[in-house]
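J.: Here my numbering is used: the first residue of the sequence shown is 2, the next is one more, and so on.
For every residue, glycine included, the Cβ atom is placed at its ideal position computed from N, Cα and C.
Can you read through this structure? Questions will come right after.
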Amino acid sequence: MRGSMRGSMRVVKKYAIKEEPLTIEKLSADKTNLLTGKGGETQLLLKSLYGNWVVCSCEVPVTIKRFITSNTFFLATVKGRGRHKSSCPLFKIFSESSESDESPTKIANSYSFSVSANEAGGSKVSPSITGVSESVGKEDKLYTLVASLFSEANCGLFSSEQKSGFADERDRIISASRRFSIGGKSLFQYLHFGFGQLKNCKEDLNRKQHLWRGRNRPQALVLAHVDTILEEEHGWQIKVKDGWDVFLPSTITLTKLKGAYSLSKGPILVAMIISPVSDENNDEFGVTRCFAAPVVNGQGFMVVSSDRERTFAKIAIKCILEKKMGAKLKKPLFSIEIEGEKVIADFLVKHGNLETAFMIEKSETALSEYETPPNIKKLFSLYPSVERINYTSNTSNADFFCRSKAIIEKVLDELCLK
């Protein structure tokens with residue numbers, strides 16, 4: 002069977018290394034193109050094949066795994082089953098950058114993140130970062146790891162019924178980390194908090210590096226709150242707090258979310274990957290990869306994209322506490338694809354089974370405030386109510402505060418009456 006199917010893409014039952022794979026379906030050219038594509042039709046195909054493997058012309062199987070948080074499906078490698086040839090349609094998916102001179106193995110060694118699903122197996126993080134980048138979308142794999150971890154720990158949700166504060170959220174993150182992996186190891190064993198733990202983290206990796214065999218290099222994740230991050234000529238100056246600055250050279254990849262137009266006003270969350278600083282020396286560990294984003298306050302881990310979003314969240318939390326009606330504020334961290342376009346609400350306010358989405362938008366002109374962009378129209382297919390809070394470059398903080406407060410209070414009153 003294997004010889005007759007060689008050269009085509011086919012769906013098979015999972016099989017051991019020495020077993021002959023049982024073919025379920027030979028994929029047509031159209032389905033093969035969909036398999037390596039993007040969009041809603043690709044998601045439907047991957048969903049229909051979920052639970053099986055796909056074998057390519059290289060005779061190398063790939064698996065399909067699900068990201069629970071966003072309910073999206075991804076192709077992922079099967080450990081120990083070989084690599085794809087450059088002529089294989091699947092090669093580009095796992096090479097991270099078709100234009101890079103670096104080999105896929107080297108990139109995978111540097112940054113290898115995954116999150117375990119509740120079902121058997123795991124869920125591979127979609128690799129999309131290509132070299133040094135100042136701004137990334139919500140498919141950047143370090144963002145995806147952090148956002149998934151925070152979502153699992155309910156850090157993007159405020160409720161008066163749930164304990165909040167740094168210690169409470171840290172404990173929830175630590176507990177959630179047991180369901181995640183980094184470089185094939187449990188993230189629980191390689192998770193640290195605060196810049197003050199960098200030294201301990203490096204020493205811990207040095208002690209445990211003999212446990213890291215195979216293609217993944219020793220690595221750990223450090224989460225820290227800082228005051229500001231300023232870009233300089235040769236790197237980034239991070240102000241941890243008064244009298245404590247850390248400089249990261251430009252050789253370190255530091256990314257931020259699209260929309261986070263400033264990291265000069267804290268508090269800022271910094272997620273750092275600690276791993277060997279060079280391929281030649283596996284004994285010297287340091288920061289090799291960073292992701293930064295504003296958070297609502299230094300006592301929590303609700304990630305936002307801008308100062309305006311931070312202001313809105315603080316107002317919403319205060320109003321929810323004052324109303325004492327049991328409403329919740331949620332910060333979505335993953336986009337949802339509708340008709341081939343990814344959309345995401347900036348915030349959700351929930352009360353019982355009722356939900357209102359909020360979009361915080363900068364209007365280029367006064368007239369654009371009265372126009373409904375396509376992404377807002379698509380949100381109406383997800384949520385029964387969508388509120389827009391527009392502002393311009395001339396909108397003062399006081400005006401933005403007053404308008405946000407008025408809209409939030411109106412929505413809470415309406416939700417309470419329904």
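Spatial neighbours of W54 within its chain, please: C-beta separation below 6 angstroms, excluding the five flanking residues on both sides.
T.: For the purposes of this step, residue 54 is taken as the residue at position 53 of the sequence shown. Here the set comprises V13, K15, P62, T64.
J.: If distances are taken between C-alpha atoms only, which option among K86, F402, Q44 comes closest to E60?
T.: Translated into positions along the sequence shown, residue 60 becomes position 59. Checking every option, the nearest Cα to that of E60 belongs to K86.
J.: Would you mind reading off the limits of the beta strand (DSSP E) that contains G41?
T.: Walking along the sequence shown from the start, residue 41 turns up at place 40. Premise fails: G41 lies in the alpha helix (DSSP H), 41-50, not in any beta strand (DSSP E).
J.: What would DSSP say about C57, mapped onto helix, strand or coil?
T.: As a first step, residue 57 is located in the sequence shown; it is residue number 56 there, counting from the start. DSSP places C57 in coil when its eight states are reduced to three.
J.: For the beta strand (DSSP E) containing V79, name the first residue and the last one.
T.: To locate residue 79, count along the sequence shown from 1; it is residue 78. Neither: V79 is in no beta strand (DSSP E) and is coded neither H nor E.
J.: With which residues is A272 paired in a DSSP beta bridge?
T.: Mapped onto the sequence shown, residue 272 falls at position 271. A272 is bridged to L224, F292.
J.: Only counting runs of 4 or more residues, tell me where the alpha helix (DSSP H) segments fall wholly within the region 177-262, in order along the chain.
T.: For the region 177-262, whole alpha helix (DSSP H) runs of length 4 or above, ordered along the chain, are 199-209.
J.: Work out the CA separation of E410 and T393 for me, nearest whole Å.
T.: As a position in the sequence shown, residue 393 is number 392, starting the count at 1. As a position in the sequence shown, residue 410 is number 409, starting the count at 1. Each residue's Cα considered, the two are about 22 angstroms apart.
J.: Using C-beta distances below 7 angstroms, list every residue in its chain close to D284, excluding the 5 sequence neighbours before and after it, in chain order.
T.: Locating residue 284 in the sequence shown gives position 283, where the first residue counts as 1. The residues are N207.
J.: What does the Cβ neighbour count give for P333, buried or exposed, with the cut at 16 atoms within 10 Å?
T.: Here the question's residue 333 lines up with position 332 in the sequence shown. Buried, because 16 or more other Cβ atoms sit within 10 Å of the Cβ of P333.
J.: Exposed or buried, H226, counting other C-beta atoms within 10 Å across all chains shown (16 or more means buried)?
T.: Here residue 226 corresponds to residue number 225 of the sequence shown, with the count starting at 1. By the neighbour-count rule (16 or more Cβ atoms within 10 Å), H226 is buried.
J.: Comparing alpha-carbon positions, which option in V56, L143, S165, L383 lies nearest I18?
T.: Counting from 1 along the sequence shown, the entry for residue 18 is found at position 17. Checked all of V56, L143, S165, L383; the closest Cα to I18 is V56.
J.: Can you tell me whether DSSP reads L330 as helix, strand or coil?
T.: Stepping through the sequence shown from its first residue, residue 330 is reached at position 329. Of the three classes helix, strand and coil, the one that applies to L330 here is strand, per DSSP.
J.: Measure how close the beta-carbons of L1 and T357 come, nearest whole angstrom, since I'm counting them as under 8 angstroms.
T.: Absent from the structure is residue 1, since the part of the chain shown begins at 2 and ends at 419.
J.: For L380 versus A328, is the C-beta distance shorter than 7 angstroms?
T.: Taking the sequence shown and counting its residues from 1, one reaches residue 380 at position 379. Taking the sequence shown and counting its residues from 1, one reaches residue 328 at position 327. No, the pair does not count as a contact, with Cβ atoms beyond the cut-off.
J.: Among the residues of its own chain, which have a CB less than 6 angstroms from the CB of G287, if the five just before and after it don't count?
T.: Taking the first residue of the sequence shown as 1, we reach residue 287 at position 286. Within the same chain, G287 has close Cβ partners V278.
J.: Please work out which residues of its chain come closer than 8 angstroms, Cβ to Cβ, to K242, disregarding the five sequence neighbours upstream and downstream, and give them in chain order.
T.: For this step, residue 242 is matched to residue 241 along the sequence shown. Correct list, in chain order: V227, D228.
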